[in-house]
Amino acid sequence: MMSEPESMNHERLENDSEVPGSSREMNRAPPVIPFRDPTGSLHAMKWESHRQTGRTALIPDRYYGLWPDGFVFYELDEITSETVLETRTIEPLIQEAMEEFENYTCIRFLKRNGNPNINNYLFIRGDAIGCWSYMGMNELGPQDLSIEMGQCDRKGIIMHELMHSLGFYHEHVRFDRDEYVKVHWENISPGREEEFYAVTLNDSQDLGVEYSFESIMHPELTVFTGNGRLTLEPIGEWAGTDPGPLWAKGRLAPSDIVQIDRLYECSDDGSSTRS
Ligand SMILES: [Zn+2]
949 MMSEPESMNH ERLENDSEVP GSSREMNRAP PVIPFRDPTG SLHAMKWESH
999 RQTGRTALIP DRYYGLWPDG FVFYELDEIT SETVLETRTI EPLIQEAMEE
1049 FENYTCIRFL KRNGNPNINN YLFIRGDAIG CWSYMGMNEL GPQDLSIEMG
1099 QCDRKGIIMH ELMHSLGFYH EHVRFDRDEY VKVHWENISP GREEEFYAVT
1149 LNDSQDLGVE YSFESIMHPE LTVFTGNGRL TLEPIGEWAG TDPGPLWAKG
1199 RLAPSDIVQI DRLYECSDDG SSTRS
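Using this note's numbering, the first residue of the sequence shown is number 949, and each one after it goes up by one.
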């Protein structure tokens, strides 16, 4: 079992591993902390103005926030020679995944290169178990993002974990998801039920974008299954829709792009005004 995240505040950890019992998640209910808005009322008003339909992104608090100006710093695993080699091997894949964000949004991924003045960054590691990331930017220091070699080293999965780190929940836990999917609680692997608790109107924010099966944040329909059967079943006009597995997705959905643009307040010149 992995033990790495134990030392960190993992209220915001998103673990996408399918291994039963491997969850290090994730107390869904966030601590009651005063709304943190470093830029004051202007942004508070902007948050308000997006409160319309689907809620998909975290509300910044004193522990987890957004990346200032959309700049996401990162380091690749350098703990052991073995994992260095493996992480280096997939570095081009990691960069491909990052380019999907850079080509369509104002998010920019920058190598930290050991710069001691940069305290908030992703530490992308290949030696832990599972595919997981924290939600948003850890205000207190560096944060791990796990790409387990042989399990998670696919572009779509890396994109998915990166989008968690930008501050996005899984699509199927949106507050309005019951209009789109039926959750088959009886098929969920025991102990993973909390992966299906919808986020409430109070602990996530609305970016005015409809639910999307194409989203890089929408898992496959058997996600966290305990018996091989569907845990999510598209209903109504979406019946029969199959979002497919994350690893087969290599692009951001149009809805993902809009949501990132809104969360990070991307401007037309390609920069973020989110501070
Ligand atoms: Zn996930």
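All C-beta atoms in this analysis are idealised placements derived from N, C-alpha and C, irrespective of residue type, glycine included.
Exercise. So, is C1043 buried or exposed, given that buried needs 16 or more other C-beta atoms within 10 angstroms?
Worked result: Per the sequence shown, residue 1043 should be read as Gln rather than Cys. It is exposed - the Cβ of Q1043 has fewer than 16 other Cβ atoms within 10 Å.
For this session: Kindly list the residues whose CB is nearer than 6 angstroms to the CB of W1186, restricted to its own chain and excluding five residues on each side of it in sequence; keep chain order.
Result: The answer, listed in chain order, is Y1128.
Exercise. For T1053, is the classification buried or exposed, using 16 other Cβ atoms within 10 angstroms of its Cβ as the cut-off for buried?
Worked result: Here T1053 is buried: its Cβ has 16 or more other Cβ atoms, across all protein chains shown, within 10 Å.
Exercise. Do Y1022 and F1057 have their C-beta atoms within less than 7 angstroms of each other?
Worked result: Cβ atoms of Y1022 and F1057: closer than 7 angstroms.
For this session: Check each residue's C-beta against every heavy atom of ligand 1 and list, in chain order, those closer than 6 angstroms.
Result: A distance filter of 6 angstroms between CB atoms and the heavy atoms of ligand 1 selects the following residues in sequence order: E962, D964, H1108, H1112 and H1118.
For this session: Please classify N1065: is it buried, with 16 or more other beta-carbons within 10 angstroms of its beta-carbon, or exposed?
Result: Exposed.
For this session: Compare the C-beta of G1074 against all C-beta atoms of chain D and say whether one is closer than 7 angstroms.
Result: In the structure shown, chain D cannot be found, because there is only a single protein chain.
For this session: Would you mind giving the Cβ-Cβ distance between S1113 and L1093, rounded to the nearest angstrom? I have them listed as a contact below 8 angstroms.
Result: Rounded, the Cβ-Cβ distance is 6 angstroms, consistent with contact.
Exercise. Contact between the stretch 1130-1138 and the stretch 1013-1020: three or more CB pairs below 8 angstroms?
Worked result: Because the criterion of three Cβ pairs below 8 angstroms is not met, the stretch 1130-1138 and the stretch 1013-1020 do not touch.
For this session: Give the straight-line distance between the Cα atoms of K1197 and N1086, rounded to the nearest whole angstrom.
Result: Computed Cα separation, rounded: 27 angstroms.
Exercise. Per DSSP, Q1091 is paired with what?
Worked result: Per DSSP, L1070.
For this session: Please confirm whether I1077 and W1195 have their CB atoms less than 7 angstroms apart.
Result: Not a contact, by the Cβ cut-off of 7 angstroms.
Exercise. So which of S1160, P1138, Q1207 and G1218 has the shortest CA-CA distance to L1006?
Worked result: From the listed residues S1160, P1138, Q1207 and G1218, the smallest Cα separation to L1006 is found for Q1207.
Exercise. Since T1173 sits in a beta bridge, which residues does DSSP pair it with?
Worked result: DSSP, once it has assigned bridges, lists I1136 as partnering T1173.
Exercise. Can you tell me where the alpha helix (DSSP H) with E1048 in it begins and where it stops?
Worked result: Element bounds for E1048: E1039 to Y1052.
Exercise. Apart from the five residues on each side of it in sequence, which residues of its chain come closer than 6 angstroms, Cβ to Cβ, to N1067?
Worked result: For N1067, where only same-chain residues beyond five positions count, the Cβ hits under 6 angstroms are G1089.
For this session: Round the Cβ separation of L1155 and T1004 to the nearest angstrom and send it over; I've been treating them as touching at under 8 angstroms.
Result: At roughly 6 angstroms, the Cβ-Cβ gap stays under 8 angstroms, so L1155 and T1004 are in contact.
Exercise. Which of the three DSSP states, helix, strand or coil, is assigned to Q1153?
Worked result: If DSSP states are grouped into helix, strand and coil, Q1153 belongs with the strands.
For this session: Look up C1100 in the DSSP assignment and give the residues it is bridged to.
Result: For C1100, which the question treats as bridged, DSSP gives no partner whatsoever.
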